[in-house]
Amino acid sequence: MKDRADPHVSTAGGRPGGLRRPSWARLDQKISPYLYVLPFFVLFAIFGLYPLGYTVWISLTDQSPMSPETSFVGAENFTRLLEDSRFWNSVGNTIGMFIVATIPQLMMALILANWLNRRLRGIGFFRMAIAIPIVTSTAVVALVFGMFFARDYGLANGILEMFGMERIDWRASRWTSWMSIASMVDWRWTGYNALIYLAAMQAISRDMYEAAELDGASRMRQFWQITVPLLKPTIIFTVTISTIYGLQLFTEPLMFTSGSGALSGGSTGQFQTITMYLVQVMRTYHQWGYAGAIALVLFLLIVVMSAINFLLVRRISSDR
Amino acid sequence: MTAPTMSAPPHDTKPAPAKKVRGRKPQHDDGGPVRRAGPLTVGGLIVAAFLSIFPLYWMVVVASRSSEAAYSWPPHLLPGGNLGENVQRVLDNPDAAIVRGLVNSMIVSGTITVTTVFFGALAGFAFAKLRFRGKNVLLLAILLTMMVPIQLGIVPLYIIMSELGWLNDVKAVIVPFLISGFGIFLMRQYSIQAIPDELIEAARVDGCSTWRIFWNVAAPALRPAAGVLGLLTFMQYWNDFFWPFIVLADPGNPTVQISLKTLNSAYHQDLSQVFAGMVIATVPLVVVFILFFRQIISGIMEGATKG
Numbered sequence: 002m003k004d005r006a007d008p009h010v011s012t013a014g015g016r017p018g019g020l021r022r023p024s025w026a027r028l029d030q031k032i033s034p035y036l037y038v039l040p041f042f043v044l045f046a047i048f049g050l051y052p053l054g055y056t057v058w059i060s061l062t063d064q065s066p067m068s069p070e071t072s073f074v075g076a077e078n079f080t081r082l083l084e085d086s087r088f089w090n091s092v093g094n095t096i097g098m099f100i101v102a103t104i105p106q107l108m109m110a111l112i113l114a115n116w117l118n119r120r121l122r123g124i125g126f127f128r129m130a131i132a133i134p135i136v137t138s139t140a141v142v143a144l145v146f147g148m149f150f151a152r153d154y155g156l157a158n159g160i161l162e163m164f165g166m167e168r169i170d171w172r173a174s175r176w177t178s179w180m181s182i183a184s185m186v187d188w189r190w191t192g193y194n195a196l197i198y199l200a201a202m203q204a205i206s207r208d209m210y211e212a213a214e215l216d217g218a219s220r221m222r223q224f225w226q227i228t229v230p231l232l233k234p235t236i237i238f239t240v241t242i243s244t245i246y247g248l249q250l251f252t253e254p255l256m257f258t259s260g261s262g263a264l265s266g267g268s269t270g271q272f273q274t275i276t277m278y279l280v281q282v283m284r285t286y287h288q289w290g291y292a293g294a295i296a297l298v299l300f301l302l303i304v305v306m307s308a309i310n311f312l313l314v315r316r317i318s319s320d321r
Numbered sequence: 418m419t420a421p422t423m424s425a426p427p428h429d430t431k432p433a434p435a436k437k438v439r440g441r442k443p444q445h446d447d448g449g450p451v452r453r454a455g456p457l458t459v460g461g462l463i464v465a466a467f468l469s470i471f472p473l474y475w476m477v478v479v480a481s482r483s484s485e486a487a488y489s490w491p492p493h494l495l496p497g498g499n500l501g502e503n504v505q506r507v508l509d510n511p512d513a514a515i516v517r518g519l520v521n522s523m524i525v526s527g528t529i530t531v532t533t534v535f536f537g538a539l540a541g542f543a544f545a546k547l548r549f550r551g552k553n554v555l556l557l558a559i560l561l562t563m564m565v566p567i568q569l570g571i572v573p574l575y576i577i578m579s580e581l582g583w584l585n586d587v588k589a590v591i592v593p594f595l596i597s598g599f600g601i602f603l604m605r606q607y608s609i610q611a612i613p614d615e616l617i618e619a620a621r622v623d624g625c626s627t628w629r630i631f632w633n634v635a636a637p638a639l640r641p642a643a644g645v646l647g648l649l650t651f652m653q654y655w656n657d658f659f660w661p662f663i664v665l666a667d668p669g670n671p672t673v674q675i676s677l678k679t680l681n682s683a684y685h686q687d688l689s690q691v692f693a694g695m696v697i698a699t700v701p702l703v704v705v706f707i708l709f710f711r712q713i714i715s716g717i718m719e720g721a722t723k724g
């Protein structure tokens, strides 16, 4: 390739310095690609790779901004984690909220996508309406829903009372706070997932449905036996993304209470997530080494959960 | 590349046989969606659209009334006339730092957007159109880096920022994110289809340097993708909360999302101010989103279907 340009230089060139250009051009073609991709790797090395290795190291020490000296403690942080009930509480909350939020979210997204994949005047409006939560920041979602679930004057309790039911202190107990937080997550992400499913559905040939129709398959069967199996790679993608984000849940539960103790996730930590505990250990307790260990375990958990979900989805959607 | 977009799905090649679908009149096959929507579907869509829009609408309602009105029952469902006044109050409130937050967010999102698009185009073009040793390995490495969550390195990252003296400085939320693997990947996918090899050959024959080929041939062709990537990136960092919360902890120098949190904690009783702040932070993005809906959605889908 590098020789290809050379024969033309004398004819097409004719510029000053034309004689020196071949070697220049060759150098340019050799070096330039590396220069163009270099910035990414430099930045990643400094702010990605280096912190990664540093995390592994720090998790084996008792480093803290409070103590001048750092000593190597081996696996101590990890054995401490095993007995740390606050940590396990946050693990339970995170996985619990992840399940409560994600399963209905992806189900609704599938149904929504199926609806959006119809012929209807004004379907563009519906697509846009359902996608609009994507532009809202998590902080704003959490504040609006936080007011909706307020104990005394919240809209949610007002509606409950209207139907003759008791008010609920949404933040007070584990289940109600999980449901409230899950509703924030679902409001923000259902439309996003629906659009991804819709894109995959639009790639399915209509012939398959027409053939199924001729065979007398009901709409329901067509959905489960044609649409869902063909969407399997897309479903796996959304489940993976939801797992990664779901296990890092932070802003919604943090903003669910205001004030200085927000990182604790409620009076008994009923909605404290792993990331909230990680930040609390790092920023409030100043235990950097221990925080590093939590970060590593969180990452491990994400990998394991993603793998489990991957196998699960593959199983379920091929059984149908 | 074959990324699905919001446009019509692949055409059936044969003319549509007039099949009866549940007794309805035969639909003509224009490559549109599969079926006509029934009343149940329409009903479901109306409910879903309502649920999607209502919280945002309600935000405007609260922001445009007095603070007491937020607690009244039955709730007010129509916007009041105080939006301008509430916005003014929150902008004037020196403790809320909302103006500071807006300016900071502009700087942060703007800078990251420009560099992400520029470096994304540059590297994406290289991966798509230039030949060099180790190309595939490097591309794979970029894909792998996209899977590492920020939480994993948060403690050292915080220490680095503190040693650089960047805590409470917007540099801490800008510099680590100047380039994104996703951006490079998106640009690579687009470059493959948008820049003909012949054009590059021709430019080489004319004696163009690689840089001039990028700037004069590739960059103009990449403009649509650059727009989409820019919008997505801007949205992402405008809305980001986690990392700014860690490194901009001091309320004196927040991004807009952080100032909203501070505002809510400090002025919890004055909800109309809090909500006015939220309207300021959200409405511009909503407008941009509506204007560029198709492009943004196809960008999201392109990223999604690449995995």
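Protein sequences, first through last, are from chains Y and E.
Residues in the first sequence are numbered from 2 upward in steps of one, following my numbering.
Residues in the second sequence are numbered from 418 upward in steps of one, following my numbering.
We treat Cβ as the ideally placed atom computed from N, Cα and C, and that holds for glycine.
At a CB-CB cut-off below 7 Å, which residues of chain Y make contact with residue i?
| i | result |
| --- | --- |
| K678 (chain E) | A140 and M256 |
| R740 (chain E) | Nothing about residue 740 (chain E) can be reported from this structure: the residues present for chain E run from 418 to 724 only. |
| T458 (chain E) | W116 and R119 |
| Q674 (chain E) | S138 and A140 |
| F710 (chain E) | M129 |
Contact defined as beta carbons within less than 8 Å: I believe residue i pairs with residue j. What is the distance between those atoms, to the nearest angstrom?
| i | j | result |
| --- | --- | --- |
| L462 (chain E) | F48 (chain Y) | About 43 Å separates the two Cβ atoms, so there is no contact after all. |
| F300 (chain Y) | P566 (chain E) | 7 Å |
| G669 (chain E) | N553 (chain E) | Their Cβ separation, rounded to whole angstroms, is 47 Å, which puts G669 (chain E) and N553 (chain E) out of contact at 8 Å. |
| A130 (chain Y) | S469 (chain E) | 5 Å |
| S522 (chain E) | T672 (chain E) | 5 Å |
| S174 (chain Y) | F257 (chain Y) | Incorrect: roughly 13 Å between the Cβ atoms, too far for contact. |
| M109 (chain Y) | T191 (chain Y) | 5 Å |
Apart from the five residues just before and just after residue i, which ones in its own chain have a Cβ nearer than 7 Å to its Cβ?
| i | result |
| --- | --- |
| V479 (chain E) | A487, L688, S689 and F692 |
| G15 (chain Y) | For G15 (chain Y), the predicted model reports a pLDDT of 45, less than 50, meaning its position is unreliable; a value from the coordinates is still stated below. Closer than 7 Å at Cβ, skipping near neighbours: no residue. |
| W660 (chain E) | I567 and V590 |
| M306 (chain Y) | T244 and L248 |
| L279 (chain Y) | A292, I295, A296 and L299 |
Along chain E, which residues have their Cβ under 9 Å away from the Cβ of residue i?
| i | result |
| --- | --- |
| P40 (chain Y) | T532, F536, L539, A540, L595 and I596 |
Could you name the residues of chain E that residue i contacts, counting a contact when the two beta carbons are closer than 7 Å?
| i | result |
| --- | --- |
| Q30 (chain Y) | T627 |
| G217 (chain Y) | Ordered by position in chain E, no residue passes the 7 Å Cβ test against G217 (chain Y), which lies about 12 Å from the chain. |
Run down chain Y in chain order and give the residues with a C-beta less than 8 Å from the C-beta of residue i.
| i | result |
| --- | --- |
| L637 (chain E) | According to the sequence provided, residue 637 (chain E) is Pro. The question's Leu does not apply to it. Here the premise fails: no neighbours, minimum Cβ distance about 17 Å. |
| L547 (chain E) | Q30, S33, P34 and Y37 |
| A543 (chain E) | S33, P34, Y37 and V38 |
| V734 (chain E) | No answer is possible for residue 734 (chain E): the residues shown for chain E start at 418 and end at 724. |
| W490 (chain E) | Y154 and G159 |
Who are the Cβ neighbours of residue i in its own chain at under 8 Å, not counting the five residues just before and after it?
| i | result |
| --- | --- |
| V155 (chain Y) | One point to set straight first is that residue 155 (chain Y) is Gly, not Val, in the sequence displayed. Closer than 8 Å at the Cβ level, and outside the excluded window around G155 (chain Y), lie M148, F149 and W171. |
| V314 (chain Y) | K233, I236, I237 and V240 |
| I303 (chain Y) | T244, I245, L248 and Q249 |
| R222 (chain Y) | A213 |
| L725 (chain E) | Any answer about residue 725 (chain E) is impossible in this case: the structure gives chain E only from 418 up to 724. |
| K442 (chain E) | Because K442 (chain E) carries a pLDDT of 41, less than 50, the predicted location of this residue cannot be relied on, and the following value inherits that uncertainty. Taken in chain order, the list of residues that qualify is empty. |
| N499 (chain E) | S481, R482, S483 and S689 |
Under 9 Å between beta-carbons, which chain Y residues line up against residue i? List them in chain order, please.
| i | result |
| --- | --- |
| T528 (chain E) | In chain order: nothing, as chain Y lies at least about 14 Å away. |
| L688 (chain E) | M148 |
Going along chain E in order, which residues have a C-beta closer than 8 Å to the C-beta of residue i?
| i | result |
| --- | --- |
| V101 (chain Y) | What V101 (chain Y) touches in chain E: nothing, since even the nearest Cβ is about 18 Å away. |
Who are the near neighbours of residue i in its chain, counting only those whose CB is closer than 6 Å to its CB and skipping five residues on each side?
| i | result |
| --- | --- |
| T276 (chain Y) | Q249 and F251 |
| A157 (chain Y) | F149 and F150 |
_Three or more C-beta pairs under 8 Å: does that hold for the region 517 to 526 of chain E against the region 650 to 667 of chain E?_
yes
*Contact between the region 182 to 201 of chain Y and the region 100 to 114 of chain Y (3+ Cβ pairs under 8 Å)*: yes
*Is it a yes or a no for the region 533 to 545 of chain E touching the region 596 to 613 of chain E, going by three-plus beta-carbon pairs under 8 Å?*
yes
_Residues, ordered as in the chain, of the region 249 to 277 of chain Y that lie near chain E by beta-carbon distance below 7 Å_ = Q249, F251, T252, M256, S259, G260 and T276
*Going along the region 558 to 571 of chain E in order, which residues come within less than 7 Å of chain Y, judged by CB to CB distance?*
I559, T562, V565, P566, Q568, L569, G570 and I571
*Given 8 Å, three or more beta-carbon pairs between the region 620 to 633 of chain E and the region 494 to 505 of chain E*: no
_Using a Cβ-Cβ cutoff of 9 Å, what residues of the region 464 to 477 of chain E are near chain Y? List them in chain order._
A465, A466, F467, L468, S469, I470, P472, L473, W475 and M476
*Should the region 605 to 620 of chain E be called in touch with the region 44 to 59 of chain Y, which here means at least 3 C-beta pairs below 8 Å?*
no
*Do the region 698 to 714 of chain E and the region 127 to 141 of chain Y touch if we need at least three Cβ pairs shorter than 8 Å?*
yes
*Got a sec: which bits of the region 695 to 706 of chain E sit with their beta carbon under 7 Å from any beta carbon on chain Y, in order along the chain?*
M695, A698, T699, L702, V703 and F706
*Between the region 45 to 61 of chain Y and chain E, which residues of the former have CB atoms less than 9 Å from a CB of the latter, in chain order?*
F45, I47, F48, G49, L50, Y51, P52, L53, G54, Y55, T56, W58, I59 and S60
*At a cut of 8 Å, does the region 499 to 518 of chain E reach the region 676 to 685 of chain E through at least three beta carbon pairs?*
yes
_Measuring CB atoms only, is the region 108 to 115 of chain Y touching the region 193 to 202 of chain Y, in the sense that at least three cross pairs come out at less than 8 Å?_
yes
*Using a beta-carbon distance cut-off of less than 7 Å, what residues from the region 290 to 302 of chain Y approach chain E?*
A292, G293, A296, L299 and F300
*State whether the region 467 to 481 of chain E contacts the region 200 to 212 of chain Y, with contact taken as three or more CB pairs (one from each stretch) at a distance under 8 Å.*
no
*Any contact of the region 67 to 85 of chain Y with the region 281 to 297 of chain Y, i.e. 3+ C-beta pairs under 8 Å?*
yes
*asked:* Three Cβ pairs or more, each shorter than 8 Å: is that satisfied between the region 27 to 45 of chain Y and the region 541 to 556 of chain E?
replied: yes
*Evaluate the contact criterion for the region 634 to 642 of chain E versus the region 567 to 577 of chain E: three or more CB pairs, one atom per stretch, below 8 Å.*
no
*Near-chain Y residues of the region 644 to 669 of chain E - C-beta to any C-beta below 9 Å*: M652, W655, N656, D657, F658, F659, F662, I663 and A666
*asked:* Give me the subset of the region 167 to 178 of chain Y whose CB atoms are less than 7 Å from a CB atom of chain E, sorted by chain position.
replied: none
*At a Cβ cut of 8 Å, what residues of the region 598 to 609 of chain E count as close to chain Y, listed as they run along the chain?*
G598 and I601
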